[in-house]
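Residue numbers (UniProt numbering): 1 to 164. By construction, the Cβ of each residue, glycine as well, lies at the ideal position given by its N, Cα and C atoms. It should be emphasised that the depicted structure is a prediction, and the values quoted were computed from it without experimental measurement. Each remark here refers to the structure printed beneath this line.
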């Protein structure tokens, strides 16, 4: 049996954080990641403020997450700040995976092209984590996980994550 991978899902949404809209994409991400052996607690919900997103990412990494999966805040409005909050944590971007997620999403909707999500790793060793920024829609989450999920064991193995 494959080893479980600890993960954290962070929903970035002013409305979800304020309780004016239910979080649909975060729970969808937790459920979809579990199929790929990534075990996450309930999603963390934060506002679109860069310090709040960054603090949630830092807490996930400090807690031992090997995958930090954000949903929301990847568009072009003034409040879409997830890539800016993520960038300082990423030592190496994975533009091939960013392109795969984009291309997969474009097969479903042209709106996928509006996402500025980053995919990368926090380092190049066994203690490194993968960070993925997905759009805030359930479809965007699905598309990102359909690309990333099957690759997680190999990606973590390359980072020195043992037998996954």
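9 Å Cβ cutoff met for residue i and residue j
i           : j           : result
residue 135 : residue 112 : yes
residue 117 : residue 130 : no
residue 66  : residue 91  : no
residue 72  : residue 49  : no
residue 148 : residue 89  : no
residue 235 : residue 45  : No answer is possible for residue 235: the residues shown for the chain start at 1 and end at 164.
Residue i (DSSP reduced to helix, strand or coil)
i           : result
residue 134 : strand
residue 47  : coil
residue 140 : helix
residue 53  : helix
residue 38  : strand
Best match in the options for proximity to residue i [C-alpha to C-alpha]
i           : options          : result
residue 150 : 38, 13, 21       : 38
residue 101 : 88, 138, 115     : 115
residue 33  : 107, 138, 7, 128 : 7
residue 108 : 141, 52, 63      : 141
residue 93  : 13, 132, 51, 60  : 132
residue 104 : 137, 146, 81     : 146
Residue i burial status per 10 Å Cβ neighbour count (16 or more: buried)
i          : result
residue 1  : Caution applies to residue 1, whose pLDDT of 37 falls short of 50 and renders its modelled position unreliable; the model cannot decide the point.
residue 36 : buried
residue 76 : exposed
residue 96 : exposed
residue 28 : buried
For residue i, the first and last residue of its enclosing alpha helix (DSSP H)
i           : result
residue 26  : 25–34
residue 165 : The first residue shown for the chain is 1 and the last is 164, placing residue 165 beyond what the model contains.
residue 95  : 95–106
Limits of the beta strand (DSSP E) - the one that residue i falls within
i           : result
residue 5   : 5–12
residue 68  : 67–71
residue 160 : Per DSSP, residue 160 belongs to no beta strand (DSSP E) and is neither H nor E.
residue 123 : That residue, residue 123, is in no beta strand (DSSP E); it is neither H nor E in DSSP.
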